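Engineer: Dropping a structure here in C-alpha coordinates format, bear with me for questions.
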Amino acid sequence: ALTHVAVEAEVTRGGVRLVAEAAATGPTGVEMEALVAAAVGALTLYDMVKAVERAATIERVRLLEKSGGKSGTFRRAAPRQRKRRRS
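Numbering (this note's numbering), first residue to last: 2 to 88.
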(Lines of atoms letter the chains of each structure in order from A and count residues from 1; the text may use other names and numbers.)
(Lines give C-alpha, C1' and ligand atoms only; values in the text may rest on other atoms or scores of the structure.)
Protein backbone atom coordinates (compact mmCIF):
# COMPACT_ATOMS: atom_id res chain seq x y z
CA ALA A 1 0.00 0.00 0.00
CA LEU A 2 1.19 3.50 -0.81
CA THR A 3 2.03 5.25 2.48
CA HIS A 4 3.67 8.52 1.44
CA VAL A 5 3.96 10.83 -1.57
CA ALA A 6 5.61 14.26 -1.55
CA VAL A 7 6.68 16.68 -4.27
CA GLU A 8 9.06 19.57 -3.61
CA ALA A 9 9.64 22.45 -6.00
CA GLU A 10 12.84 24.50 -5.93
CA VAL A 11 13.13 27.63 -8.06
CA THR A 12 16.57 27.65 -9.68
CA ARG A 13 18.32 29.97 -12.07
CA GLY A 14 16.36 29.59 -15.26
CA GLY A 15 13.87 26.99 -14.07
CA VAL A 16 12.21 24.92 -11.41
CA ARG A 17 13.55 21.63 -10.03
CA LEU A 18 10.93 19.14 -8.84
CA VAL A 19 11.78 16.20 -6.60
CA ALA A 20 9.10 13.63 -5.82
CA GLU A 21 9.32 10.81 -3.31
CA ALA A 22 7.03 7.92 -2.55
CA ALA A 23 6.99 5.13 0.01
CA ALA A 24 4.95 1.97 0.35
CA THR A 25 4.63 -1.13 2.44
CA GLY A 26 4.96 -4.45 0.70
CA PRO A 27 7.46 -6.26 -1.47
CA THR A 28 7.39 -3.94 -4.48
CA GLY A 29 9.12 -0.63 -5.09
CA VAL A 30 7.22 2.55 -5.84
CA GLU A 31 9.60 4.29 -8.22
CA MET A 32 6.91 4.51 -10.91
CA GLU A 33 4.61 6.38 -8.53
CA ALA A 34 7.39 8.87 -7.73
CA LEU A 35 8.22 9.31 -11.43
CA VAL A 36 4.56 9.90 -12.28
CA ALA A 37 4.27 12.46 -9.45
CA ALA A 38 7.32 14.32 -10.80
CA ALA A 39 6.04 14.18 -14.39
CA VAL A 40 2.55 15.41 -13.46
CA GLY A 41 4.08 18.19 -11.37
CA ALA A 42 6.24 19.23 -14.34
CA LEU A 43 3.25 19.15 -16.69
CA THR A 44 1.25 21.27 -14.24
CA LEU A 45 4.04 23.86 -14.04
CA TYR A 46 4.31 23.86 -17.83
CA ASP A 47 0.58 24.49 -18.14
CA MET A 48 0.83 27.41 -15.71
CA VAL A 49 3.80 29.15 -17.39
CA LYS A 50 3.19 28.46 -21.09
CA ALA A 51 1.21 31.68 -21.53
CA VAL A 52 4.18 33.82 -20.46
CA GLU A 53 7.06 31.55 -21.54
CA ARG A 54 6.24 29.86 -24.81
CA ALA A 55 9.69 28.24 -24.98
CA ALA A 56 9.26 26.42 -21.64
CA THR A 57 10.49 22.82 -21.67
CA ILE A 58 10.39 19.79 -19.42
CA GLU A 59 13.76 18.07 -19.11
CA ARG A 60 15.18 14.99 -17.43
CA VAL A 61 12.46 13.11 -15.63
CA ARG A 62 14.63 10.43 -14.02
CA LEU A 63 14.97 8.16 -11.04
CA LEU A 64 17.46 9.53 -8.48
CA GLU A 65 17.34 6.72 -5.94
CA LYS A 66 15.30 3.78 -4.73
CA SER A 67 15.50 1.03 -2.17
CA GLY A 68 13.59 -2.19 -1.70
CA GLY A 69 11.77 -4.24 -4.28
CA LYS A 70 13.29 -7.07 -6.30
CA SER A 71 16.18 -5.03 -7.68
CA GLY A 72 17.37 -3.62 -4.35
CA THR A 73 19.02 -0.22 -3.90
CA PHE A 74 19.86 2.23 -6.69
CA ARG A 75 21.45 5.67 -6.40
CA ARG A 76 22.19 7.80 -9.45
CA ALA A 77 25.72 9.16 -9.42
CA ALA A 78 25.98 12.90 -8.81
CA PRO A 79 26.44 14.87 -12.03
CA ARG A 80 29.95 16.07 -12.73
CA GLN A 81 30.43 19.80 -12.45
CA ARG A 82 31.29 21.52 -15.71
CA LYS A 83 34.50 23.49 -15.70
CA ARG A 84 34.07 27.20 -16.22
CA ARG A 85 35.90 28.69 -19.13
CA ARG A 86 37.85 31.83 -18.47
CA SER A 87 37.84 34.50 -21.12
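For glycine and all other residues, C-beta sits at the position ideal for the given N, C-alpha and C.
Here the structure is a predicted model, which is why all the values come from computation and not from measurement.
List the residues that DSSP assigns as beta-bridge partners of GLY16.
Structural biologist: Per DSSP, THR13.
Engineer: Any idea what DSSP makes of VAL41, helix, strand or coil?
Structural biologist: If DSSP states are grouped into helix, strand and coil, VAL41 belongs with the helices.
Engineer: HIS5 to LYS51, Cα distance in whole Å?
Structural biologist: Between HIS5 and LYS51, the C-alpha separation is close to 30 Å.
Engineer: Check whether the segment 23–31 touches the segment 47–62, counting contact only when three or more Cβ pairs, one atom from each stretch, lie closer than 8 Å.
Structural biologist: Contact fails: fewer than three Cβ-Cβ distances are below 8 Å.
Engineer: Name the DSSP bridge partner or partners of ARG63?
Structural biologist: For ARG63, which the question treats as bridged, DSSP gives no partner whatsoever.
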